[in-house]
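In the working numbering, the protein residues as written are 1 to 273. The beta-carbon is built from N, C-alpha and C at its ideal position, and this holds for glycine as well. On a predicted model such as this, the values are computed, not experimentally measured, just so you know. Okay, structure first, notes after.
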Amino acid sequence: MSNQSANTPETGSENSFTPATDINAGRPVAGEAAARAVNLHKSYGQGDTTVTALDHVNVEFEARKFTAIMGPSGSGKSTLMHCMAGLDTATSGSAFIGDTDLSTLRDKEMTALRRDRLGFIFQSFNLVPTLTAAENITLPTDIAGRKVDQNWFEEVTSRLGLTDRLKHRPAELSGGQQQRVACARALVSRPDIIFGDEPTGNLDSNSSAEVLNILRTAVDKDDQTVVIVTHDARAASYADRVIFLADGRVVNEILDPKIDDILAAMTGIEDVK
Ligand SMILES: Nc1ncnc2c1ncn2[C@@H]1O[C@H](COP(=O)(O)OP(=O)(O)OP(=O)(O)O)[C@@H](O)[C@H]1O
């Protein structure tokens with residue numbers, strides 16, 4: 001399927017975008033789900049001051065695909081990603097990684113799952129300033145007490161153009177290089193799923209394209225699953241699928257997204273609000 005939502009055939013035709021809620025958006029994916037939210041609900045506060053960040057979300061993230069999550073500010077994107085990645089807990093409902101319901105895990109099991117199966121890339125890089133690039137990249141593997149796969153380390157760092165930067169500390173690297181170090185750190189342990197929260201948010205367009213190409217390659221060549229939150233239609237156009245949130249609900253999705261379709265969908269959602 002190309003260039004249109006599975007359920008909103010009008011998406012993508014010029015001037016004909018209908019900003020209606022797509023009731024099937026977030027429906028079960030065709031292939032195996034690497035992660036899924038089942039009736040996931042997250043609220044903050046109580047009584048009159050309750051804020052609903054996620055409103056009973058059901059969504060699947062297909063294995064070996066690149067999914068982008070978009071939506072207006074405050075629509076629940078980061079909350080969804082953080083609940084899916086075990087970095088935050090939902091008020092009710094379940095977040096699954098593969099067949100594992102995260103709400104059933106004890107702290108130690110959650111730590112092991114995050115370490116063994118998930119990779120993270122954040123907007124703010126989150127590198128340790130006193131360590132070199134190489135040390136930052138291998139830190140999670142070192143902490144886990146595991147041996148770094150040296151061939152894979154060399155492959156990843158060379159693909160990321162970091163070979164001659166490995167002895168530098170973060171302060172001696174550009175923003176784009178620091179984000180590539182953060183990507184290498186997420187890739188080097190070969191996680192099943194890489195979650196990125198605005199992974200290109202602090203980068204110029206060249207560095208953004210590099211990082212997005214790396215994530216695309218992780219899916220196309222290395223059979224990994226990538227899920228990112230982004231505000232940037234260009235970044236989202238690297239994905240196989242974009243899901244759109246509004247007010248804590250999945251309201252639309254586009255498969256094989258093109259930039260214009262993404263922009264039209266975003267405008268539609270903002271107009272409805
Ligand atoms: N710790 C918190 N306490 C209270 N409300 C919160 C908290 N964290 C998030 N929220 C609220 O939950 C809602 C969803 O927030 P979230 O950060 O998931 O949105 P977002 O779509 O990622 O926004 P942005 O694009 O601005 O980063 C917002 O209304 C936000 O104000």
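Whether residue i touches residue j by CB criterion (9 Å)
i	j	result
Arg241	Phe66	yes
Ala85	Ala63	no
Gly248	Thr79	yes
Gln224	Ala218	yes
Ile269	Phe61	no
Pro140	Arg185	yes
Gly175	Glu210	no
Assumed close pair residue i, residue j - CB separation to whole angstroms, cut-off 8 Å
i	j	result
Leu40	Ser94	7 Å
Leu166	Ala134	4 Å
Burial state of residue i (16 or more Cβ within 10 Å)
i	result
Pro191	buried
Ser189	buried
Gln150	exposed
Thr111	exposed
Thr104	exposed
Tyr44	exposed
Val128	exposed
Ser237	buried
Which of helix, strand or coil DSSP assigns to residue i
i	result
Phe153	helix
Gly47	helix
Ser73	coil
Ser92	strand
Lys108	helix
Glu32	coil
Glu10	With a pLDDT of only 37 at Glu10, under the threshold of 50, the placement of this residue in the model should not be trusted; the figure read from the coordinates follows. Coil, per DSSP.
Gly145	coil
Asn39	strand
Any chain C beta carbon closer than 9 Å to residue i
i	result
Gly31	Judged by its chain identifiers, the structure shown contains no chain C, having just a single protein chain.
(message) As an exercise, report each continuous beta strand (DSSP E) stretch of at least 3 residues that is fully enclosed by the region 159-241, in chain order.
(response) List check, beta strand (DSSP E) in window: 193-197, 225-229.
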